[in-house]
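*Asks:* Below is the structure I would like to discuss, written out as structure tokens.
Residue numbers (the working numbering): 3 to 535.
Right under this line is the structure:
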């Protein structure tokens, strides 16, 4: 085709010479390009014979022009205008106008941030006036910030919101796990598959100057210190405050703030919903363990290169039994874990009163042997409009958690480290059924000679925790735009820990005594806030 000087073309380039960019723009045209000086480039495009033009123009393209405006008739600048199912397109100029070549049977696609996508069939028409509708859902979305709310359209602070609608369709161990990958700048790390350990949440890096965890605020009430246990299915919305946006909470918020709003009742007849979830968990990726001979060869190469004598554990002449592979310890300590969860919700209300009630039970085995996590959660949220200026309500919750975990991160004594270093020449059990052991002489690079499977299966511990949170509040509309809220929070927690360590009779690191440790604790917190917003 002939060169069209009026055709608008969109191209993206970064740190490319201007000549190369222009070559890309005129690709498909016959001609030459040469740079006269630093400010001038000469294009020589050959005109094709009329016969060739007709032969090439088999699509019968027509010149399509138009203007894109909003519902107020104001021009929209930079609207993406493309031809559906192709890479061809352009953008609107400062007057909202566009122009491009299209086949009479093509479909034009208009896209702009904050507006709904629109498709228009060409049908041979050469001029269009397109009115884009604002995406009211995204513009009217309300984000919780500090002690109030703000429309997303006017939000300027560093705030991320997480949509948990699809996340809670699967069983979640914790609220933090539901946040994983759902909010910009928020990193959630689980600790080695240990169901008794809370995930580590970091906002924009390592958190506070001393690695502090985020501050949690639930339904406007500060939960401090610590991390709350909350049923992810009860959560309506989550906002994450960063940097200056979190400053209103003071030094406690140096690690950021996570604002959680739980579900409230809606007007209408009682609605009852129930669901049952059952699933399985596996270690996503496990280390590929060396067999006994490979293990010995690697260690011998290292000692030979260092000019040191080989140790007995890896010397085939001294200890030939150590060259035989009998156990992959990494595979032995992991398992396929089952998870079950049950939820029941009641929701309803009248013009003046609404309520939301929920029950949750979840039990999940850990992916490490003999570990588990269990949770019961109850919640009642109700709100009552006393008159046209006064509203009262309460958020009541009770949670019971119990878990059995293990050390997964310490060197040698950690369950996963132990499985990596324990010699693969040892069996899990003896022919008589007792746990196998290994003399220290043949432990090789592993210093703490404890059978990894025995270490996990001997765990007998429990750590039940009961937490009751009552959050009554009163809200009064004084004048238009000014509200007074009296907010109270009473938290009671009861914890108990019991751990029994039995004898370890096998060789290696024996222990000939039993030990038992128990502890209990009780904590009360009271918070009163009087707010004008």
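Ideal Cβ placement from N, Cα and C applies to all residues, glycine included.
Rounded to the nearest angstrom, how far is the Cβ of residue 405 from that of residue 230, given a contact under 8 Å?
*Replies:* Cβ-Cβ separation between residue 405 and residue 230: approximately 16 Å, too far for a contact (criterion under 8 Å).
*Asks:* Taking contact to mean at least 3 C-beta pairs separated by less than 8 Å, is the stretch 498–517 in contact with the stretch 459–467?
*Replies:* Flag = yes, the stretch 498–517 and the stretch 459–467 touch.
*Asks:* In chain order, what are the residue ranges of uninterrupted alpha helix (DSSP H) at least 4 long that sit wholly in the stretch 234–315?
*Replies:* You should have 294–307.
*Asks:* Which residues in the same chain have their Cβ closer than 6 Å to the Cβ of residue 320, if we skip the five residues on either side of it in sequence?
*Replies:* 314
*Asks:* Rounded to whole angstroms, what's the CA-CA distance from residue 180 to residue 429? Just pull it up for me.
*Replies:* 39 Å
*Asks:* On the premise that residue 134 lies in contact with residue 83, defined as a C-beta separation below 8 Å, what is that separation, rounded to the nearest angstrom?
*Replies:* The pair is not a contact, with the Cβ atoms about 11 Å apart (cut-off 8 Å).
*Asks:* With 8 Å as the threshold, decide whether the Cβ of residue 321 is near any Cβ in chain C.
*Replies:* Absent from the structure is chain C; it holds one protein chain and no more.
*Asks:* When burial is assigned at 16 or more other CB atoms within 10 Å of the CB, is residue 454 buried or exposed?
*Replies:* buried
*Asks:* Am I right that residue 326 and residue 438 are in contact with their C-beta atoms under 8 Å? What's the rounded C-beta distance?
*Replies:* No, residue 326 and residue 438 are not in contact; Cβ-Cβ is about 13 Å, not under 8 Å.
*Asks:* Helix, strand or coil for residue 199 per DSSP?
*Replies:* coil
*Asks:* Measuring straight from C-alpha to C-alpha, what distance separates residue 263 and residue 471?
*Replies:* 15 Å
*Asks:* Would you check if the distance between the CB atom of residue 488 and the CB atom of residue 467 is smaller than 8 Å?
*Replies:* no
*Asks:* Could you check if residue 119 is buried or exposed, using at least 16 other CB atoms within 10 Å of its CB as the buried criterion?
*Replies:* exposed
*Asks:* Inspect the CB distances between the stretch 265–275 and the stretch 347–360 and report whether three or more fall short of 8 Å.
*Replies:* yes
*Asks:* Of all the options 128, 508, 363, 392, which has the alpha carbon lying nearest to the alpha carbon of residue 278?
*Replies:* 363
*Asks:* Return the CA-CA distance between residue 446 and residue 317, expressed in angstroms with no decimal places.
*Replies:* Approximately 10 Å, taken between the alpha carbons.
*Asks:* Please report the Cβ distance between residue 216 and residue 187, rounded to the nearest whole angstrom; I am assuming they are in contact, meaning their Cβ atoms lie under 8 Å.
*Replies:* With a contact defined as Cβ atoms closer than 8 Å, residue 216 and residue 187 miss out at about 11 Å.
*Asks:* State the start and end residues of the unbroken beta strand (DSSP E) segment that holds residue 367.
*Replies:* 355–367
*Asks:* Going by DSSP, what residues sit across from residue 396 in a beta bridge?
*Replies:* 384, 474
*Asks:* Give me the residue from 175, 189, 497, 518 with the minimum Cα distance to residue 524.
*Replies:* When only C-alpha atoms are compared, the closest one is 497.
*Asks:* Taking the C-alpha atoms as reference points, what is the distance between residue 64 and residue 222?
*Replies:* Between residue 64 and residue 222, the C-alpha separation is close to 59 Å.
*Asks:* Near residue 214, what residues of its chain come up, given a Cβ to Cβ distance below 8 Å and the 5 sequence neighbours on each side ignored?
*Replies:* 256, 257
*Asks:* Where DSSP assigns a beta bridge to residue 489, which residues make up the other side?
*Replies:* Bridge partners of residue 489 according to DSSP: 475, 531.
*Asks:* Relative to the ligand NAD, is the shortest distance from any of its heavy atoms to the C-beta of residue 92 smaller than 7 Å?
*Replies:* This structure lacks the ligand NAD; in fact it carries no ligand of any kind.
*Asks:* Consult DSSP for residue 444 and reduce its assignment to one of helix, strand or coil.
*Replies:* helix
*Asks:* Helix, strand or coil for residue 324 per DSSP?
*Replies:* helix
*Asks:* State the Cα-Cα distance for the pair residue 59 and residue 137, rounded to the nearest angstrom.
*Replies:* Any reading at residue 59 needs caution, since the residue's pLDDT is 46, under 50, leaving its predicted position unreliable; the model's value is listed next. If you draw a straight line from the Cα of residue 59 to the Cα of residue 137, it is about 39 Å long.
*Asks:* So, for residue 386: in the same chain, excluding its five sequence neighbours on each side, which residues have a beta-carbon less than 6 Å away from its beta-carbon?
*Replies:* Closer than 6 Å at the Cβ level, and outside the excluded window around residue 386, lie 355, 394.
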